[in-house]
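So the sequences go chain by chain: A and P. Take the first sequence: its letter number 105 is residue 726 in our numbering, and every next letter is one higher. Take the second sequence: its letter number 57 is residue 59 in our numbering, and every next letter is one higher.
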Amino acid sequence: MDQTPRKDTVVIGLGNLLLSDEGIGVHLIRKLSEHQNKFPSVEFIDAGTGGMNVLHLIANRKKAIIIDCAKMSKKPGTIRRFEPADVKTTKKLTHFSLHEADILRIIAISRQLDECPEQILIFGIEPESLEVGQKLSKTLAEKLDLYAADICKSLS
Amino acid sequence: MHNNVNINVHHITRVEGHGNIVVNVKEGKIEKLQWQVPEAPRFFEAMVRGHSYQDIQTIVSRICGICSITHSLAATKAVESAMGLKVSEQADKLRILMHYSEQLQSHTLHVGYLAAPDFFGTPSVVPLVARAKDVVKTIVKAHRIANNWSDLIAGRTTHPVTLIPGGLTKTPTEKQLRQLQKELKDAVPDLKKIAEVVLSVAGNIPKFERPTEYVSLKQTTPPTYTFYHGGITSNDNKSAVLPIEKWHDVANEFVVEQSTAKWAKWHRDAYAVGALARFNNNAELLSPMAKDAAKIFGLEKGCCNPYMNTVAQLVECFHVVETSIEIIDQLLTKGLKTEKITSSPRAGKGSGCVEAPRGILFHDYEFDKHGKCVAADICIPTGQNHANIQKDFEKLLPEILDQQEKDIRLKLEMLVRAYDPCISCSTHFLNVQFVR
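In structure tokens form, the structure reads like this:
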């Protein structure tokens with residue numbers, strides 16, 4: 622449909638904006654999109670809770686960066702940059718449910734289908750609150766610029 | 003017959019959200035047989051209160067990551083009814099195109115990623131990739147076309163941004179619609195390939211029947227296999243098509259101990275919604291290719307095998323693609339116009355109803371004179387199917403009690419999955435441990 626060639630790098634923000642810090646990935650995509658002019662070969666995508674749609678968003682790119690709320694047993698507000706091989710999922714229903722579509726499994730499928738980007742980076746941010754609400758917790762909201770700067774370093 | 007069977011599936015896999023299957027058979031007697039839904043309530047009806055009539059469709063799209071377009075459309079229709087807003091013919095057709103993109107997205111997801119592993123005897127789609135890579139690639143391609151289609155009309159794949167009360171904020175160009183039409187035409191051979199593959203393993207679809215009430219939309223003017231317009235009908239109520247505002251008289255929601263989701267019943271003690279319900283009430287109005295697809299699977303009007311819902315979804319994939327090719331022709335013949343949408347608030351109540359991929363969906367809202375929402379009521383298709391799943395269980399289990407426990411379990415799980423339930427889509431966060 623869109624005839625514009627796909628950009629080599631994609632930055633995908635995942636999250637549910639109605640569950641406080643669960644929406645951090647989407648909040649960050651909004652913030653990063655303000656810097657679009659600095660990164661003409663990068664596509665910033667708010668993928669919401671898109672689950673399996675991530676398979677299509679990363680397909681045949683050179684590099685993919687995924688930003689998501691992550692329970693990593695770290696201090697709330699901590700941001701960690703890692704690659705898929707650095708972690709294992711602890712979800713019980715992973716890859717068995719679209720609701721709990723697991724990004725790590727989706728990356729595995731992408732590899733099997735020979736369309737996975739050479740480089741995938743994941744930025745996980747430890748939440749403070751997952752309560753119903755449209756605002757980030759103060760802890761995460763105050764660090765939004767720092768997170769964005771951190772992610773931008775991986776785009777240079 | 004086994005004297006004792008104990009099945010506790012916590013939680014069933016390859017469905018949206020959490021549901022449990024509990025079976026206790028002692029000395030050949032069924033002591034407990036339950037389809038349980040333990041999901042926490044979502045509170046969306048409370049969440050929208052106080053918000054402007056212009057924001058409702060955006061908020062409720064977050065109910066689901068699979069059928070977000072459907073929820074947005076139902077909400078928008080309800081808001082337009084409350085505000086007395088009319089929609090242009092062009093916007094109406096574009097909305098139907100948008101809605102069809104989601105039907106294809108959701109059906110290919112269910113048929114390809116969630117149900118296919120049962121037919122092929124694999125636990126999930128992940129090992130299926132290794133076993134049948136070409137098939138999975140074809141499914142992924144069809145799903146990708148549907149996603150791009152949503153991007154074009156809805157502004158993005160999930161959680162549409164172009165939909166507003168009164169119309170759409172964006173009109174695709176003629177060039178974009180021609181490209182979409184080409185891609186849809188190119189998708190037909192892929193759909194045929196998927197149908198052939200599913201047909202080759204159709205022998206694994208359990209043969210089970212239970213006379214059932216099927217509830218769906220029905221459109222009589224003009225007669226259409228509808229997902230969007232029309233009123234409410236059922237095979238128990240053929241002569242009548244109820245206006246959608248009467249949906250409370252259809253759903254008759256009630257509370258049961260085994261489920262945090264409400265159950266529904268109309269003429270019987272349960273009813274089913276979804277692709278098979280739409281097929282049973284409207285099959286004669288399907289597109290030619292969809293009718294052909296139904297024929298090769300032996301799917302006929304009156305089918306009351308719930309496992310065939312997956313086949314009905316596949317049939318509908320052909321229908322939405324073939325019909326959309328025609329709709330694009332109609333739009334291009336008439337010529338696309340840029341439309342400016344304006345609206346102003348007023349006090350009022352309105353109902354909106356569309357067919358989600360999983361079945362009929364109802365939204366109701368009430369607004370004050372400033373257009374702020376003061377009340378909301380949403381009734382989702384999966385909620386309407388819960389009682390029917392329980393009734394299916396009660397007929398099915400005695401018929402298969404002589405089978406191995408693992409086979410009993412699989413058939414019960416497959417039955418739930420056939421309904422393509424969307425029990426909840428509230429969170430999805432990563433849960434990880436570092437290994438290095």
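No residue lacks a Cβ here, since even glycine has one placed at the ideal position from N, Cα and C.
So, with DSSP's three-state summary, where would you put residue i?
i	result
P:V113	helix
P:H365	strand
P:A277	helix
A:T630	strand
P:R419	helix
P:A378	strand
P:A272	coil
P:R411	helix
P:Q406	coil
P:Q56	coil
A:N674	helix
P:Q216	For the sequence presented, residue 216 of chain P should be read as Tyr rather than Gln. The answer is strand: DSSP assigns P:Y216 an E or B state.
P:C355	strand
Closer than 7 Å by beta-carbon distance: list the chain A residues that pair up with residue i, in chain order.
i	result
P:G67	G669, T670, G671 and G672
P:V89	Going along chain A, no residue has its Cβ under 7 Å from P:V89, so there is no contact; the nearest lies around 23 Å.
Buried or exposed for residue i, please, with buried defined as at least 16 other CB atoms from any protein chain shown within 10 angstroms of its CB.
i	result
A:A706	exposed
A:R627	exposed
P:F364	buried
P:R44	buried
A:A770	exposed
P:V252	buried
A:V647	buried
P:G337	exposed
A:E763	exposed
P:F369	buried
P:F256	exposed
P:N8	exposed
P:G304	exposed
P:H372	exposed
A:N637	buried
P:S74	buried
P:T214	buried
A:K709	exposed
P:E82	buried
A:G634	buried
P:K339	exposed
Is residue i close to chain P, meaning its C-beta is less than 8 Å from at least one C-beta of that chain?
i	result
A:I730	yes
A:R627	no
A:L653	no
A:V753	yes
A:H716	In this prediction, A:H716 has a pLDDT of 38, which is less than 50 and means its spatial position is unreliable; what the coordinates show is noted afterwards. A:H716 counts as touching chain P.
If the cut is a Cβ gap below 9 Å, which residues of chain A does residue i touch?
i	result
P:A132	Q733
P:R146	L676, H677 and A680
P:L316	Neighbours of P:L316 on chain A: none; closest Cβ ~18 Å, over 9 Å.
Ordered along the chain, which non-local residues of its own chain (more than five positions away) have a Cβ less than 8 Å from that of residue i?
i	result
P:N6	V27, K28 and E29
A:E752	L640 and S641
P:Q38	G21, N22, I23, V24, Q260 and S261
P:G123	N206
P:N254	A266, K267 and W268
Just to make sure I have the definition right: I need the residues of chain P whose C-beta is within less than 7 Å of the C-beta of residue i. Which are they?
i	result
A:R800	The structure shown does not extend to residue 800 of chain A, since chain A spans only 622 to 777, so no value can be given for it.
A:L765	Residues of chain P passing the Cβ test: none, with the nearest at roughly 18 Å.
For residue i, would you say it is in contact with chain A, using Cβ-to-Cβ distances shorter than 8 Å as the test?
i	result
P:F45	yes
P:Y55	no
P:V142	yes
P:L149	Correcting the residue identity first, residue 149 of chain P is Asn in this sequence and not Leu. Chain A contact via Cβ: present.
P:L193	no
P:K139	yes
P:Y102	no
P:M49	yes
P:Y367	no
P:L363	no
Name the chain P residues that come within less than 8 Å of residue i, Cβ to Cβ?
i	result
A:R726	V128
A:L638	R64
Identify, in the order they occur along the chain, each residue of the same chain with its Cβ nearer than 6 Å to the Cβ of residue i, setting aside the five sequence neighbours on each side.
i	result
A:A680	E736
P:H145	T110
P:G114	I141
P:G168	L87, I343 and S345
Can you pull the chain A residues whose beta carbon is under 8 Å from the beta carbon of residue i, in chain order?
i	result
P:T160	A668, G669, T670, G671 and N674
Enumerate in chain order the residues of its own chain whose CB-to-CB distance from residue i is below 7 Å, with the five nearest sequence positions on each side excluded.
i	result
P:L179	I330, L333 and L334
P:N390	T214, A272, Y273 and A274
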